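Per mature numbering (1 follows the signal peptide of the UniProt record, and there is no 0): the sequence shown = residues -31 to -1, 1 to 301.
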Amino acid sequence: MDQPTSARHSQWRRRHLLGVAAALPTLPVLAQGTWPDRPIRLIVPYGAGTSTDIMTRLVSQHMAETLGQPMVVENRVGASGAVGSEVVAKSAPDGNTLLMGAVASHSVIVSLMPRLPYDPLRDFTHISLVTNAPNLLVVNPQVPARSLAEFIAWMKTQPGGVNYASAGNGTSSHLAGELLKMRTGAKLEHVPYRSGAQAVTDVVSGQVPMLVYQVTAVLPFVRDGKLRALATTSNQRLEWTPDVPTVEEQGVPDFDVAAWHGLFGPTGLPPRQVDTIYGAMRRALTDPGLRQRLLDQGLVPVGMPPTEFRSFLEADIVKWREVVRVANIRVD
């Protein structure tokens, strides 16, 4: 015999409520799965047209294809990268605000700016070392040296030492010269320029005998015979100049100088989002077209995993702290 309508309705209502209650615990999981659900802001703490900016725009276009959302590059300039970096350090760890930092903003700056408004290790999630911008040690052809050893020997014969140009105080070209002085006892005197291009011009003209600078900026002059490349300052030979040995190969230990770029998020970024962002970046760097465009800009694609990147940064901060202390480097 059929149950009364009211009884059937009560049973249906109880079953319906139980079903809703059972479904409720899955709702937060479903909500988390929607990220990224809007454009991701990618802050560059340097100006438009800089190597960091150009690289970021190239890589982010490919990453956006994998992530399914646009990556909007925003330039926040000031204080050697500290202004833009602070914005990300203080943003919500939701994966929607990221930073393309660099050696200046996250390594050297620790020693140059005692009141830094963030801690590069504590206040960021370290996602990946993205690219390296390697340097060449070059001299004017009038310098009677064809190897680093010959150059160091020649310097010892020069009363008062030898000047070297750089792109400015605290830049990788400056620090490379000071590290060379520390490792070899070379008699080097720093001549800072406000423009790397002007520094190159003055070494080509012979006003200053030596410079350490980005490979693509000096390579045309090396090929034309207007500069002579004596060494690569990174720990591996470069694709552009495979016949130029590294500083380490020429007997100077523990010498690795490159202007690197790294991807960061605010501290507390969920591991699942870190993995997703890192995966998108790695996939971008494997694209042959993008790789070639980066090489054309003088950038070597890296793609270092998060845990390795943090260890790399820790060691880099220690290395440059010692160089800054010994050389008594001060920001302009």
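We treat Cβ as the ideally placed atom computed from N, Cα and C, and that holds for glycine.
Bear in mind the structure is a predicted one, so any value in this text is a computation, not a measurement.
Taking the DSSP output, what are the residues bridged to Thr140? Thr140 pairs with nothing; no bridge assigned.
Pair within 8 Å by beta-carbon distance, Phe93 and Pro235: yes
Here's a check: name, in chain order, each residue in its chain whose Cβ is nearer than 6 Å to the Cβ of Val172, leaving out the five neighbours to either side. Asn109, Ala134, Leu180
Continuous beta strand (DSSP E) stretch holding Arg10: start and end: 9 to 13
In chain order, what residues of the same chain lie with their CB nearer than 8 Å to the CB of Ala186, ignoring the 5 residues before and after it? Gly165, Ala166, Val169, Gly267
What is the C-beta distance between Gly50 and Ser20, in whole angstroms, given that I count them as a contact (C-beta under 8 Å)? Contact doesn't hold; Cβ gap of about 13 Å is too wide.
Shortest alpha-carbon distance to Ser174 belongs to which of Arg197, Gly18, Ala33? Arg197
To the nearest angstrom, how far is the alpha carbon of Pro211 from that of Leu106? 14 Å
The segment 234 to 249 contacting the segment 61 to 78, beta-carbon criterion three pairs below 8 Å: yes
Would you mind working out which of Val213, Val112, Val177 sits nearest Arg192, comparing C-alpha positions? Val213
Let me confirm a value: Asn101 is counted as buried when at least 16 other C-beta atoms fall within 10 Å, else exposed. Which label applies? buried
Note the first and the last residue of the continuous beta strand (DSSP E) segment covering His159. 157 to 161
Counted within 10 angstroms of its Cβ, other Cβ atoms place Gly248 as buried (16 or more) or exposed: exposed
Comparing C-alpha positions only, which one of Leu81, Gln30, Met24 sits nearest to Asn297? Leu81
Exposed or buried, which one is Ser200 when buried takes at least 16 other CB atoms within 10 Å? A small correction: the amino acid at residue 200 is Ala; Ser does not occupy that position in the sequence shown. Its Cβ being crowded by 16 or more others within 10 Å, Ala200 is buried.
Can you list, in chain order, the residues of its chain whose CB lies under 8 Å from that of Val215, leaving out five sequence neighbours each side? Inspection of the sequence shows that residue 215 is occupied by Thr rather than by Val. The answer, listed in chain order, is Ala200, Thr201, Thr202, Ser203, Asn204, Gln205, Arg206, Phe224.
Which of helix, strand or coil DSSP assigns to Ile286: helix
Alpha carbons only, please: which of Leu11, Val295, Asn104 is nearest the one belonging to Trp229? Asn104
In DSSP terms, what Asn101 is bridged to: Trp229, Val269
Please go through the same chain and pick out, in chain order, the residues whose beta-carbon is closer than 8 Å to the beta-carbon of Gly16, but skip the five residues on each side of it. Asp22, Asn44, Val46
Inter-residue Cα distance where the pair is Lys288 and Tyr87: 19 Å
Do the segment 152 to 163 and the segment 114 to 125 meet, that is, are 3 or more Cβ pairs less than 8 Å apart? yes
Assuming Ala134 is part of the alpha helix (DSSP H), what are its boundary residues? Unbroken run through Ala134 is the beta strand (DSSP E), 131 to 135; no alpha helix (DSSP H).
I think Met32 touches Met250, with their Cβ atoms under 8 Å apart; what is that distance to the nearest whole Å? 6 Å
Quick test of your reading: Pro128 and His143, contact by CB under 8 Å. State the CB separation rounded to the nearest angstrom. Wrong, their Cβ atoms sit about 24 Å apart, outside the cutoff.
Quick one: what's got a C-beta closer than 7 Å to Ala118's C-beta in the same chain, skipping five residues either side? Gln219, Gly220
Candidates Leu36, Val79, Pro239, Arg26, of which the one nearest Asp285 by Cα: Val79
So does His75 have its beta carbon nearer than 7 Å to some heavy atom of the ligand MG? Absence of the ligand MG is noted for the structure shown, with no ligands found whatsoever.
Can you tell which of Pro5, Val57, Gly137, Leu148 has its C-alpha closest to the C-alpha of Val13? Val57
Separation of Arg10 from Arg252, as counted between CA atoms: 19 Å
Specify, as a first and last residue, the run of the alpha helix (DSSP H) that Tyr247 falls within. 240 to 254
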